[in-house]
Every structure is written in C-alpha cells, then in structure tokens.
Amino acid sequence: MGKKESTLPSMALTLIVITVIAGSTLGYIYKLTAGPIAAASEQKQQEAIQLVVPVFDNNPAQEMYKIAADGGDSLKVFPAKKEGINVGVAIESVSHKGFGGDVKIMVGILPDGTINNYAVLEHKETPGLGTKMDTWFKPSDNADAGPSGNAFANWLFGIKSDAGGGNTSIVGADPLKTNLTVSKDGGDIDAITAATISSRAFLDAVQKAWAAYNENADAYSSATTKNNDAQEGGAQ
Amino acid sequence: MLKTFSLGGIHPADRKISAGKSIEVLPLPKRVVVPLAQHIGAPAKTELKKGDQIKTGQVIAKSGGFVSANIHSPVSGKVFKLDEVVDASGYRKPVIIIDVEGDEWDESIDRSETLKTEISLSSEEIIKKVGEMGIVGMGGATFPAHVKLSPPPGKKCDVLIINGVECEPFLTSDHRVMLEKGDELIVGVKILMKALKVDRAVIGIENNKPDAIQHLTTLTENEQGIEIQPLKVQYPQGGEKQLIDAVIGRQVPSGKLPIEVGAVVHNVGTTLAVYEAVQKNKPLIERVVTVTGPGVSKPSNFLARIGTPVSQLIEAAGGLPDNTGKVIGGGPMMGKALSNLEVPITKGSSGILVLPHEEAHRKPVENCIRCGKCVSVCPMGLEPYLLMIEAEKELLDRAESDNIMDCIECGSCSFTCPANRPLLDYIRLGKGNVGKIIRNRN
Amino acid sequence: MNQKLVVSPSPHVHSGDSVPKNMYGVIIALIPALLASLWYFGIGALIVTLTAIAACVLFEWVIQKYLMKATPSISDGSAAVTGLLLAFNMPSNLPIGLIIIGAAVAIGIGKMSFGGLGNNTFNPALVGRVFLLISFPVQMTSWPVPVASRFQYLDATTGATPLSVVKEGLSSGASLSELMGEIPSYLNLFMGNMGGSAGEIAGITLVLGVLYLLWRKIITWHIPVSVLGSVAVFAAILNISDPESYAGPLFHLLTGGVLLGAFFMATDYVSSPMSKKGMLLYGVGIGLITVLIRVYGSYPEGVSFAILIMNAFVPLIDRYMKPKRFGEKVKTTKVQKQ
Amino acid sequence: MTYFIIIISAIFVNNIVLSQFLGICPFLGVSKKISTGIGMTGAVTFVMVIATIVTYFIQKLILEQFNITFLQTISFILVIAALVQLVEIVLKKVSPPLYQALGVFLPLITTNCAILGVAIMTVSRDYNLVEAVVFSGASALGFGLALITFAGIREQLDLVNIPKGMQGAPIALVVAGLLAMAFMGFAGMV
Amino acid sequence: MNQWKNFSKGFFKDNPVFVMLLGMCPTLGVTSSAVNGLGMGLATTFVLVMSNIVVALVKDFIPDKVRIPSFIVIIASFVTVVEMVMQAYIPALFEALGLFIPLIVVNCLVLGRAEAFASKNSLGSSIIDGLGMGLGFSMALTMLGSIREILGSGKIFGFSLFAESYGMLIFVLAPGAFIALGYLTAFINKVRKA
Amino acid sequence: MSIVLITILTLAGLGALAAVILYLASQKFKVFEDPRINQVEEALPAANCGGCGFPGCRAFAEALVKADDISDLNCPVGGADVMATVANILGKEMGKSDPLVAVVRCNGTCEHRPRLNEYEGATSCAVAAALYGGETGCSYGCYGLGDCVEACDFNAMYMDEKTGLPVIIEDNCVACGACVDACPKEIIELRKKGPKSRRIFVSCVNQDKGAVAKKACDVACIGCGKCAKVCPFDAITIENNLAYIDYDKCRLCRKCVPVCPTNAIHEINFPPPKPKPAKEQEPANTPESSN
Ligand SMILES: Cc1cc2nc3c(=O)[nH]c(=O)nc-3n(C[C@H](O)[C@H](O)[C@H](O)COP(=O)(O)O)c2cc1C
Ligand SMILES: Cc1cc2nc3c(=O)[nH]c(=O)nc-3n(C[C@H](O)[C@H](O)[C@H](O)COP(=O)(O)O)c2cc1C
Ligand SMILES: Cc1cc2nc3c(=O)[nH]c(=O)nc-3n(C[C@H](O)[C@H](O)[C@H](O)COP(=O)(O)O)c2cc1C
Ligand SMILES: Cc1cc2nc3c(=O)[nH]c(=O)nc-3n(C[C@H](O)[C@H](O)[C@H](O)CO)c2cc1C
Ligand code: SF4
Ligand code: SF4
Ligand code: SF4
Ligand code: SF4
Ligand code: FES
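Chains as they are written, first to last, in the working numbering: chain F, 3 to 238; chain A, 861 to 1302; chain R, 145 to 482; chain S, 5 to 194; chain W, 943 to 1136; chain B, -12 to 278.
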C-alpha cells in the first residue's frame, strides 16, 4: 500500500532515484568485479592448457593465434614453449555434432603429431551420459570409479566391470595411425556406452583440431622437430 | 440382415419362461387399491367419499388436466376409504380403496366377445373416447394415449408404429396379447390409424417371437397399409426412439418427440385397450400381467384388474418361493424393485418378476477401468461413465452439455459394466437434478 | 419368506462381465507370445517374466495394504497384466534388480500414485519401461540374440535389433539397401527371429493374441487398426519419397514392438480414449509419433514413447471427441415440409 | 528450414517447461482447468513475443552499444514489468472481454521466468530479430502445449479419487514428471 | 508476530517450495546435485534478505503505481550483484547454475515476499522473514538436490556413496526432478500434518 | 567512471521512461474498480464453501461492497469476527448473528426403527431417495448413506456405524449448511447454538399419523401434543402430526423433554437430568451423540 500518491512527478522521481542508486551501485561493483571475472575465465583457460601440453614457460595465451578449420570454424591455437622451443600446442576445438549442442574441448598435440591430452571445456550433453567424455577417452579411466565391486550388486544391476573393454583412449594416439572415429563407424575408438553421439562429437572435435594443426604444421613445427624424441617420453 | 437400431444395444438372456402360457383371468380380489396417479402428468381427482357404492367401469377419478387420464373402477363395491398408502415407490400416495362386492359392470360396456371390425367413430371422436376411457401407454411409460394421438399443430404423423418388441427379458404379456388377441389388435391398429389419419402402420416384433410374427402376418395378409416388421433381437429395441430407428430408419433428435420424424408409437397392449375402448366402450380397468421368475412354480400371464395386490398375483402363480430375494414390478432391466408386496397393479404394470437370492444382489462396486463398454452399448450414444461421475460430483452443467437428459434409462450401461458401477443410479439422479435446473431456467 | 426383500434401482440383472475376466483374457491372449519368447530366449525370458509379474503383484499388494490401507485387489489380475507386459518390453537378459525397479516404478509411480486401477493417466508398464530405458540405457539396450541365448541369462550373447542396425547404419552413411542385407527376411521377422524385447518379437503370436481379444470383445479394432494403419501410411510416404533413406512400411510394422504396442499396450483401457472417434485419433497419433521418433529421433524405436505421449492427450481427446450421439444427424428426409 | 527447426525444437524437443524448467509456477498454478490454461497461454504468447522484441532492441541498441551487458537482467526485467503493466492497463480499457480472458493472468506473468528466460536465451543464442520472434512464439506455444495437456490431465484427475497423500501438488508434480518423461521421446529430433 | 514463528514458518508451515509452490523453476532446474541446490538456495536467500531490507526501508516513499517496477529494480540490482560476484569468485558454481541466476529476479518467492511481507512490515520482521524463507528455500533445494544426486549418480555433495553406474540417470534429468519433488512434497506434507 | 555514468544514465532513463509511459497510460485508460472488493476479499476466510449463499468468497465480497445494508449477510465460516472486520472496512453496520450449528433431526437408529427391506443401490442418499422411501417403514427418516457427511468440508460429521445415523462434531461445524442442502430428506437443520451450546429440539421429521409413525419407529414424534401443552412459552407447534420447537421462543426450561412419550425431544449439552430411567449418558463435551 503506497503511502504516496501516484502523480507523474512522484512516480518518475521515485523510479529515477531508485534506478540511479541501483545504477551507481552496480556500476561500482562491476568495476570491482570486472578484473576478477576476467581473471577467472582466463585461469580456466590457463589450467586447461597446462593440463594438455607438457610443462612450458611462455604465456601461450599471449601468443595465441587463430587458424581456420573445416566447417568454417576458426580454432584458437596456444603454442606452448619451453625455453623458446615448441613443446606442443593446445588447440581449442569445437564440434557441432553433439547431442545437446556444441562440444568444446582443448586438445594438446605434441610436435610429433600425437595427442598428448585433452580437456572438455563446455558441452550440453546429457548429464550422466555425455559427461563421461571428461574421463572416458583417457587411459584406464573408463572403469567405474568409487566404491563398487560388490559382486552381488553388480549381478543385481547388471554392471559389467569390464565396461568399455576395448580401446577407448586417445591419449598418445597418432591420428595418422589410429582412426579416431567410433568403432561403430569403422574407427578404432570405442564409444561411450549408450552415448555414441557424444563420442562422435568429441572425436569430431579432436580430429578437427588435429587436421587444422596438420595443415599448418609446417609453419612452426620445422623449427622444433629435433626435439621430438626427447619430448615423447615425458608425454605421459 | 434383420433390421435393428443403429447405436449400442445389449443381449441379455431372454428367459421368457412364461411365453407358452395363455392368458388366464385372475379371480377378483377382496379389496382393490386404486392409485390416483397411474400415468405421467397430473394425478386424477376424485370426488368419491367413503362408503360410496360403485360399479365396475364407472369413473372414480377425473383426469386432472390435458396430460392426465380418467380412472375407472376396476371392480364393483363400496369405497372403504380414501387414503394414502405406500406404493411401489415406498412413498405415500393418494389411493382409493374399494371393498369388492360382486362384479356389477356399468351398463354402457359391451362385454360380449364378438369382434367388432367396423369403425364408426370419426378421428376426433376416437381421440375423445380414448381420453375418456383412461387409456394410457401400457408399454411402461403410462403416457396418456389421447395426447399422443393429437399431434401438436404443425406436426404431421405419417406412420404409426406398434411396439410389439417386448425386449425385456422374462416378460411375455405383449407376446400373449399378439397371439391371443390378434384380431382385436388389428382392429385397434386401424382405429389408431384412423385417429392419426395415417395410411401406414408397422408392427415391430423381435425375431424371438416367431409365432407372433407368423400369426400377425397371416392376419394382415389382406390388410392395406399394415406391415409386420421382424427385428433382430437386441435390447432396448422396445425403446421408442430405438424402435423408430429400427423400423423406419429415422432418428428422433435429442430432446424431441417422435412426431418430429413423423412417427407415433403405441404398445400392443395399448392398442388392444384402444380397441376395447372404442368398439366396446370398455375403460382401462384390467390388463395382462406376466408373473414369472426362475423360482416361480407356475409362471403365468394373468388378466388382472387394476388395483389387485401384487401378493395375490404371486399367490396365483404358485406363491413366493422360499429363497426369494427380490420382487420386481416390470422387467429385470427397467422394472422397479418392490419393497412391499401389498402394492397394487396399475395401468403400467406389465409383469411381476421374482428373483431368487442368488440373482438379487449386486456385486461390489469397483473403480471404473475406462473399458468403454458402457459407451459402446449406450443406445443413445452417451458416455455413462462420465455422466455418472458428473452426477455424483454435481457437475451438472457439464452433465447437461454431455446430454444427460437424452438417457432413456435403459440400464444397458449398468448391465454391461465389468466394474459393477451403479451407472444408471447416478445418471437418473443427475437427470433429476439437471431437469430441475432446466425447468427453473424456463 | 424369511429374508428381507432387496431393493435396488434398475437394472436388476448383470452381464456377468467383470474386471478379472478382462484382465485374465489379456493374459490368455499373451500366452502364445510368452511361449514364443520362451522358445527364442529360453531361461532369460522365464526369469524376466516371473520376476516382473511377481514384483508387480507384490508391490501392488504392499502399497494397497500398507500405504493406502485398503483391501488389496491383486486378484483382479491387472497388476499381473502390467507385470507381464513390462517383462515383454524388456530384454531377456535384464538383471533382476532392474526388473524390480521397473516394477516398482510401474506400479508405484505409474499406477498406485493415482489411486490404482482405472485412475492412472499413463500406461504403467510403459512408465516402468521408459523409466528404465532412460535410467539404464546400457542394460536396456543390449539385446540377446534369439535362439542362441536360450540357455543364457545375464551372459547372453547380444546383438542389434533390426531397427538399431538401420538407424546406426544410416547415420554412419550406409544406404538402406546395403543394410537390409543384414536384416532377417520379413517372414523371419514375423516369426520373431530377431533381437528385441522378450515379448515383442514374434509377430505371429501377437496377431493370434489380438484375434483372441477381439473375439472375446475385450478390445475393439479401432486402436490396433489405426496404429498399424498410420505407421504403414507414414512409413510408406517417407519410403516413396526416398527409398534409400527410409525403410518401408512392412519393415516398420514388423519390428520394434509396433505390434505389441498396438495390440496390447495402446489398447489399455485405462489410458486410452473412450469414444471410437477418439480411439482412431489416438491411434493415428501413436503411429505418427512412432515413425517420427524412429526416423528423426535419437531412439531407434519409438512405440513406447509414442504411446506415453498420446496417453497425455487422452483427457483432451475424451473432452472434445464425443461419441456419435443418437439423433445427432437425422439421416432421413425431413418429414414436415410445409 | 532453420525456422522450422527452431519451432520444432522449442515446442517439442526443448520444451520450455518440460525440459528447460522455465515457467513452472504458472504451469503448476493455473493448470487446474483447461479454460484457464488456454487463457494463460494466450497471455503468455502475447507478452512473450512483445517482450522479446523490445528486449532485443534494448540489447542491441543500448547494452551492446555501451558495453554494459551486465545490466541485462535488470534492464530486461524492468522493461518486462513495465510492459506487463502497460498491457494490463491498456487491455482493461480497450478490450474488456480480452481483459476478462487474459487479465487475471497478467500479473502472474511478470514473475513467470519463461518470459525473462526466453528473452535472455534469445540474446545468448544470437538470434536475429525474425528468429527471435519465431523462437519466442514457438516457446510460448510449447508452454501452451504443455500447459493445456497438463490441465486436461488434471481435470481428468479431478474426476477420480487420488489417494489422500498425493492430492494436489504431489500428483501434479508426478504427472508433470511423467509428461516430461514421455516428451523425452522427442529427444535428438533436431 | 512472534519472531521465532516468523522465522521458522519458512521451514515447515509455509515452506516456499513444499507448501507455497513458489520458485519452482530453480527448484527443479538446478537441483541435479546437492551443492547446486545449496548454492542456489543461498544466492536466493541473499537476494531475498537484502531486498526485504531495502523494501522495508523505502516502502513509505514509493507510490502505488510504480510499486512493482521499483521492487523489481531493487531485486534485480541484488541479483546482478550476486551474478557478478559469483562469476568472479566461484565461476564453477556460476556455470552450473547458468541461466537460473538471472532468473532469481523473477523467482515469485522474492517478489512475493517483498510485496506481501516487507512492504507491510517493519525492518526487523522483514529481515527475519527473508532469512526464514530463504533458508527454508535453501533447505528444500538441498534436500531435493541430495535426493536427486544420490538416486541419479550415487553421490552426495560430490562424495561417492556407490558407483555411478548404479545411479538412475532419470533423476539427473527433467522428469526425475518433477517426480522426486512430487514424492518429497507428499512426504513433507504428511509429516507436516502429523 | 564512464561505465558507472552510462549505467546510471541507462537505468535512470529506462526507469523514467517506464514511469512516464505507465503514468500516461494509466491516465488515458483509467478504469474504476472499487479497491474495497479486494480488501474485503482478503478479510474473508477464502474457504469458498458457499455457506454465505454466494458462489465463492470473491462473489460475496462484491455483494458486500455493493449492498447498502449488510446486516443480513453473514459468512458462517469466519463468523462474527470476520463480519466485524468487513463492516469496519466498509463502514457499514454488521448484522448480529447468533452462531448456528447443524442438528440431525432423526433418531431412527437400527434399534429404534426396524429395517423392512434391504437397500442395495449406489451408496448415496440422493440415489436412494430417487428410488423409494427407505429401508424402514418411515419414509421421512434418515437413509444413513452419508451424503451429508460427504458434503461436509470441515470434517464436522461422521456416520456412526452402530446407529446408522450421522453425527455432528459440534466444535468443527461452521454452519455452512452444505449438509442441509445435501440431505434429500431435509433432516438436518441449522439451529442456533444456544447459550453454553445448549439447545432443545424434536429429533424427528415424521409427518405420519401417530400410529403409523410409532409402528415404523419407536422414537418417532407422534404428534400427541403433550409437549406443546406443557411448554410455558408457546414455543412448540404441532403441524402435520409433528412437533417443532421454535428456537426463538424456547427458553430451555426442559419441561417438554420428559413428557414426550417417545423420547423424541432431545436436549444437548445440559447437565445430566435428575435421575431418570432413560438411557442418556452424555459426557459433557463429546460431540452430540445421536441420542
Ligand atoms: C534424453 C536423452 C538424452 C540422451 N543423451 C545423450 C547424450 O548426451 N549423448 C549421447 O551420445 N547420447 C545420448 N542419448 C542417446 C542417443 O540418443 C542414442 O540413443 C545413443 O547415443 C546411441 O546409442 P548407443 O550409444 O548405445 O549406440 C540420449 C538419449 C535421450 C533420449
Ligand atoms: C413431458 C412429455 C410430453 C409429451 N408430449 C407428447 C406429445 O405432445 N405428443 C406425443 O405424441 N407424445 C408425447 N409424449 C410421449 C412420448 O413421446 C413417449 O411416447 C412417452 O414418453 C413414452 O415413451 P417411452 O416409454 O419410450 O418413454 C410426451 C412425453 C412426455 C414425457
Ligand atoms: C429402454 C426401454 C425399453 C422399452 N421396451 C419396451 C418394450 O419392450 N415394449 C414396449 O411396448 N414398450 C417398451 N418401451 C416403452 C416405449 O418406449 C414406448 O413408451 C411405448 O412403446 C409407447 O407405447 P405406449 O405409449 O402405448 O406404451 C421401452 C422403453 C424404454 C425406454
Ligand atoms: C486390453 C488391455 C490392455 C492392457 N494393457 C496394459 C498395458 O499396456 N500396461 C499395463 O500396465 N497394464 C495394462 N493392462 C492392465 C490394466 O489396464 C492396467 O494395469 C491399468 O492401466 C492399471 O490402472 C491392460 C488391460 C487390458 C484389459
Ligand atoms: S441407461 Fe442411459 S446412459 Fe445408460 S445405456 Fe441406457 S441410455 Fe445410455
Ligand atoms: S463399463 Fe464400467 S468400467 Fe467400463 S467404462 Fe463404463 S463405467 Fe467404466
Ligand atoms: S456439519 Fe453441516 S453445517 Fe456443519 S460444517 Fe459440516 S456441512 Fe457445514
Ligand atoms: S441425514 Fe440425510 S443426508 Fe445424512 S445420511 Fe441421513 S438421509 Fe443421508
Ligand atoms: S520460478 Fe516461478 S515461474 Fe519460474
């Protein structure tokens, strides 16, 4: 119950006063948080890069450049260098073939063209299904984590401990030798159980990154090919 | 393919165990109880007093309006008293109680057996006579017959349909009338045709009465305009709207009377009564009543005076069996269960049905399983399951728009329901309540 | 006369039809299909069927007795029908734990939450089935190979269903004519020689069953015919438009439980419309959605979803599709002309 | 074709109520009768489309111009609130019958997250103006489809005896869940 | 009104979720895990309390016709604050809650309380009311989140109880949200009445 | 700095614009609606029971605002308190209404009224009434099928299984009259609650002649008129063989109670009478039992 009459001046005045106060507060807080917000999102990127390429000492984000990929996307490439030598690149890649939308990943590719590691940046896949991408394509991480192993419970619910079974890992794979498509489509990688679509999307993003990298490889790999052998051991 | 009506319908076992029994005249009772409301419409009014002496066939109560009917004394004797007694409905209704003394008939009545075929009265005179003689529909609805013979202005009847269907299981009174009073019946049909000024009449008879079909076909061989239409056995073919649909393929629209499609329907019993009234000057004071039931020792068809207590008819049919569970006035589908056996026979009583205990009880009600069987058997194309809920939950405007008033109360739905739901119980209640609303609105 | 007269409103006789008669009728009609599933899937089918029926009946009893505090009415057979149909909708190597979850969902959520028989909006067996399908996609989509897995249960050899062969194949770029080579002949499909849920495969036994239901007048023809008809018509339209990407009507009819769904699940009294017109619309809806899901959706088979989706529309259908009333259309010429 | 996909997606596959969880309050609140469901659908469609258009311009012409997109929430909601009130005032005068039909729902709409949600989604999905209109209209229809179907079911449930403990909100939520489960069948269609 | 009653009504008697069915979208949308539920609950509580305070303070100066817009601006400001702060300092939760953070502004609970309570009551009561309602809301969301997390993925607050593959995926998805809330509401109502 | 400024300008601009537009619109499209309707509606209990005679609380509120004189309007659920609030809001006189309570005017228990036949139709008094007069010889009495109990929204009635009659839980009854409307036999009456909830009434509606009534039911009012004679305040009238006590005249002297040859007159919430052979055993605050 307003205690004031609703006249034009009073209405306008009230709203203006309130919005002015609100606006100045918000503007102020925006200024306060703008820095941390940018930092937070940068940090996320940084962490992903660190995860997928070997140790480096440069600032890949600063040296970032874009390359064109299939389907008109342009991918961000973050070169990682240690003591000025290329140790690998982190490529932010995306696939539009996901179940719920785009799948955005960061793939690390070593100078010899093998895949070092990956991180899933963003996806809209079904929680519980598509989410398994986070770990599925890494070595030996495809079995169930957590307290399980109760034989009776496994029997009762039909949980097979050897879920995945075949080859699911892309880490260390050389896309020249390994066909990075799901086995259903004739590839070498087993899809996430019951999430073939997400798996296809994931592998699509990996391949896109790799293809883009490969096309442009000459541009920068020549300088560092010598170091390949040294790097390979440390990759895993 | 025999003709029948187009929507719904069921096939209860017909169990016409009294079909072979010829009509017997029931001895006069000692005392008769004559209700003043034996028909649809206003009750008749009486001016008799206790102790008045009366003759058989004398008017004892005068029609209370246009849609109403005179009541004549079924016996001769002395008025014992004017009272209110519990009738078949279990409510108190005004009656005249007469102590029977002899059987002295009013002089104007021609009691001879001779068939009088020549129709001397004019159309208007016939209608007047039918009214005076207290003839009401004997097929169950007890609608005053003269009203049906006077189509409202602007409406024209082009076919008379005689209802010889008797689709109710057990009942055989119409069947016997057709077999034993065929000649009179045909004259009756002609009288009705004259009254209605139509030149076509169809007698609809279900195929489970081949002897009646045969008999009447022979009788009408040389008659102009009277046809016998055998019909496929299916309940409720006797329902007026269904019969019209079955016989002439016209559907009476919702809320309209048969005259809308140019038809008028009369029951065979009514037709016989019309014959007697017009040709013999005999009012409606007796009728054929079937007394039957699985345990009844002598299932019979009696010619009984109006006002005779039900108990006396049952006595005449061999008495009430030991395991009697239910006594029904009428047939098993539409009849009324009696709470008291002293109630009298009225103009509309076509039968007394005695059911043993094992058939008298209903099974426990369960949830509607939405099987849709009630919908598919409903001859009016209604949704009984829904109407029941609407009536129960008093959603009366929905019930009205779902055409609850079209229900003819045939009971096919309750009969069929696998969940034993009391569909018709509630629909009838809903009809009552919706009817009230509609009446208030007008 | 020593007892009081019974007084009740008319009618005073009853057809003798009852809920159990209808339910047991359905069970009888399902026996041929049960035998077929035992023949093809052997011990697995037996375990799945018995567990599902027992669990459904037990859950119904427990819920009625202890949660609703009512007299249990399991003898009416409806829970057994739900159990049987639930089993028919699951692969025959489904582990017991999941069967029990499915039964609990079907009866607990799908049926008793609404007040039991007659009140539920959705088909309980399908509620149970779809719940499992979404929750345990891995277990629910591993299909034992018929005959070969007769003596195996959890360790049954699995293979693909014809529908998933086609779906997967098409999405990996194969053409239909290549794929049809991997699929058994139509006769084999009709006899049930394919992967699939325990009870859905043997078309011939389902046809026998539905004939029995029609003969006993437990169901009417409207729903089965409209479902099958519309599946056939929509499949045919697509097939004609592009025979290399869309399978033909016969293929769609014989695979993936269309027959089981059309005959036994879509006809469930409780969750289907009441009027004949409504039934036809409902059937066409199921047929259309089935084909859409199969062709464009992410599930290779869509009958279960299609039925559930149409279940949701039943109240609206009932509300606006009334039966044909007597006298609605006066067939004959007007008598009074004046 | 993209419009077609937007429409199918918004109505069936990513139904705003059943899979995006927006507008649940009115979905649960005004679904007791089919007729109110229809009225609400009308009101929501009306407001949703207009609000999307207006916020579209605010976003493009003001927020993005001045780089103050953090004001999105506050400016959108301000506009929506004012808009709803404006519609209410105008409708009351101009078309009393329409007001009778929709008016009662209007105040509820301000707090219907579907409106704001759709406005924000339009921006985050980078739709152009036509796409935005199509998307908001289709979302409203999806809302209506879910709402009216649901209302039909609830009216039907009124006729049967739901167990005491489940009456009201619980059974409504369970039905909504089963409805959402059925609609998952459309998953992956676009 | 007794302040304790005023505070505690939000938990049981007038719980915004179970009893008043307000703020259903976040309730269902973000509760796929207990943490998300709690986070959302607390964010809402913050907005609720702050806006109750401000509304209670300025209520006498606001003309009737612009009451709702003014309240909304106040609420929206706090929502934006929450939005920015979360984005800066807890980005993971911010991403998990997604669209639902800006939608706090239309949470009927917040506006409803401002309208129905804060605009008629004193500052103290309004704070307590906001706190009670907000915590009641948080409690409900956390409960629902826990249930869904346990049933859906075998975890609670991220700790594994059993292997994820036993989880019923549906509880992580939309239908499971509705169904779980349905039964939870039935249960709470029963307890409430007993 | 500039961000803050732009922010302020944008928001203030939007706010001002909104205010101006809303103001102009509300001037131009002004429609008057009595705000008191909402106020009154808020004061009403929102039970929407219809006990006031209007189709819901909102309709009642409208009627209250419109009416010049609200003294004969009453919300049975809210009672005097609510009506006082409403009267206050509207500045009108409120009527004074004595609180009412429902009473069951039939005492034809299984024991008093022998069953002559067995009813087996749908469990509904209304259905039974449409069919016939009932299982007993009394066609006025209670069917015992509980339509009234079903109609009561306030948990104020239950069927006593022993007697087969409905019982009213006085404390819960808000006198909404739903049961009165539900009963096809007009057995339930809303009577003034009386001082200390004490009241006296004839628990019978049978209009048959004495002998007939007595034959059907031991405790029927036979219309003998003894009570009317003994009543010092002329509160009792006999019509159609049935005695009726006019509450307004009755001063609760209890003289009529013992003279009734069939014990058809009931007194409620009185202290136990001086030792009397009869069977009353009413604990003071139990719900009014059927006897
Ligand atoms: C609601 C729903 C969500 C799904 N989510 C995903 C998903 O996120 N990722 C995925 O690859 N498949 C998902 N699927 C399953 C696919 O639609 C498809 O069935 C599956 O990927 C192919 O099956 P397969 O992997 O067992 O061969 C989902 C299905 C449904 C109905
Ligand atoms: C209220 C009412 C009015 C009727 N009016 C006429 C009438 O004017 N003309 C007529 O021929 N029949 C009239 N009838 C008779 C009906 O057409 C019908 O014959 C009668 O109700 C018995 O049919 P039933 O036993 O199938 O119910 C009327 C019936 C009722 C109930
Ligand atoms: C369901 C139903 C069944 C009926 N069955 C018969 C029947 O078998 N025989 C009959 O004469 N009348 C039957 N009637 C009554 C007829 O509808 C109609 O009232 C009667 O034939 C009119 O003739 P009346 O006025 O001479 O009695 C039935 C009515 C209904 C509603
Ligand atoms: C013809 C027919 C089909 C049925 N189909 C199903 C079914 O598909 N699923 C099910 O759970 N119950 C089915 N039932 C059983 C019963 O109707 C079901 O349990 C109810 O839905 C429970 O309320 C069927 C019953 C009949 C008579
Ligand atoms: S009683 Fe009425 S509703 Fe039932 S079948 Fe007959 S006409 Fe239809
Ligand atoms: S026949 Fe009975 S069970 Fe079947 S739909 Fe009708 S009322 Fe329901
Ligand atoms: S007992 Fe009758 S008057 Fe009293 S509350 Fe119940 S229904 Fe209303
Ligand atoms: S008092 Fe009336 S409504 Fe109540 S049980 Fe008796 S007859 Fe039925
Ligand atoms: S929170 Fe109420 S509509 Fe979304």
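Beta carbons are placed, not taken as given, at the ideal position from N, Cα and C, and that holds for glycine.
- Query: Going by C-alpha distance, which of B/N75, B/A115 and B/A6 is nearest B/Y106?
  - Reply: B/A115
- Item | For F/M108, the three-state DSSP class (helix, strand or coil) | strand
- Message: With a threshold of 6 angstroms on Cβ separation, who are the neighbours of S/V34 within its own chain once the five nearest residues in sequence on each side are excluded?
- Response: The residues T40 and M44, in chain order, have a CB closer than 6 angstroms to that of S/V34 in the same chain once the five nearest residues on each side in sequence are set aside.
- Ignore the nearest five residues each way along the sequence and tell me which others in W/K1007's own chain have a CB closer than 6 angstroms to its CB. none
- Look at A/G1122 and A/L1091 and say whether their C-beta atoms are less than 7 angstroms apart. no
- Taking W/V997 as the reference, which of W/E1025, W/T1084, W/K1135 and W/D1071 has the closest Cα? W/D1071
- Query: ligand 6 heavy atoms versus the CB of B/C191: any closer than 6 angstroms?
  - Reply: no
- Stretch pair the stretch 1045 to 1057 of chain A + the stretch 1078 to 1085 of chain A: three plus CB contacts closer than 8 angstroms: Three or more beta-carbon pairs separated by less than 8 angstroms link the stretch 1045 to 1057 of chain A to the stretch 1078 to 1085 of chain A, which places the two stretches in contact.
- Helix or strand or just coil, what does DSSP make of B/P264? Unreliable placement is indicated for B/P264, whose pLDDT of 46 sits below 50; the coordinate value is still reported in the next sentence. Three-state result, B/P264: coil.
- Message: Between R/M212 and chain S, is the shortest Cβ-Cβ distance under 7 angstroms, so that the two count as touching?
- Response: yes
- Since S/I78 meets chain B, which of its residues come closer than 8 angstroms, beta carbon to beta carbon? L(-2)
- Item | Test item: CB-CB of W/I1004 and F/T21 under 7 angstroms | no
- Item | A/E1081: CB within 6 angstroms of a non-hydrogen atom of ligand 3 | no
- Whole runs of the beta strand (DSSP E) within the stretch 987 to 1024 of chain A, excluding any shorter than 3 residues: 1019 to 1023
- Query: Do you know whose CA, among A/G1211, A/E978, A/I1298 and A/S1261, lies nearest A/I877's CA?
  - Reply: A/G1211
- From the DSSP output, which residues share a beta bridge with A/R952? A/V946
- Task: Determine which residues of the stretch 1196 to 1227 of chain A have a Cβ less than 9 angstroms from any Cβ of chain R, and write them out in chain order.
- Result: K1196, A1197, L1198, S1199, N1200, L1201, L1213, L1215, H1217, E1219, A1220, H1221, R1222, K1223, E1226 and N1227
- Ignore the nearest five residues each way along the sequence and tell me which others in S/I15's own chain have a CB closer than 7 angstroms to its CB. Answer for S/I15: A142, L145, G146 and L149, listed in chain order.
- Query: Whose C-beta lies closer than 6 angstroms to the C-beta of A/P954 among residues of the same chain, with five residues either side of it excluded?
  - Reply: L896 and E944
- Query: Where does B/N250 sit, in a helix, a strand or coil, going by DSSP?
  - Reply: In this structure, B/N250 counts as coil in the three-state DSSP scheme.
- Query: Considering only residues of the same chain and omitting the five flanking positions on each side of B/T110, which have a CB-CB separation below 6 angstroms?
  - Reply: Take B/T110, set aside five residues on each side of it, and the residues of its chain with a beta-carbon closer than 6 angstroms to its own are L132, in chain order.
- Task: With F/E124 as the anchor, note down where its beta strand (DSSP E) starts and where it stops.
- Result: I117 to E124
- Message: Determine, for W/V1023, whether the minimum Cβ-Cβ distance to residues of chain B falls below 7 angstroms.
- Response: no
- A/V1203 and A/A929: beta carbons closer than 7 angstroms? no
- Query: Given A/S1274, which residues of its chain have a CB within under 6 angstroms of its CB, disregarding the five upstream and five downstream residues?
  - Reply: Around A/S1274, the same chain offers L1283 and L1284 as residues with beta carbons nearer than 6 angstroms, after the five sequence neighbours per side are excluded.
- Query: If contact means a Cβ-Cβ distance below 8 angstroms, which residues of the stretch 282 to 302 of chain R contact chain F?
  - Reply: V282, Q283, T285 and L298
- Kindly indicate which three-state DSSP category A/L1163 falls into: helix, strand or coil? strand
- Message: What I want to know is whether the C-beta of B/Y130 ends up closer than 6 angstroms to one or more non-hydrogen atoms of ligand 8.
- Response: yes
- Message: Output needed for B/C39: all residues of its chain with C-beta closer than 6 angstroms, excluding positions within five of it in sequence on either side, in chain order.
- Response: Result list for B/C39: F47 and C62, in chain order.
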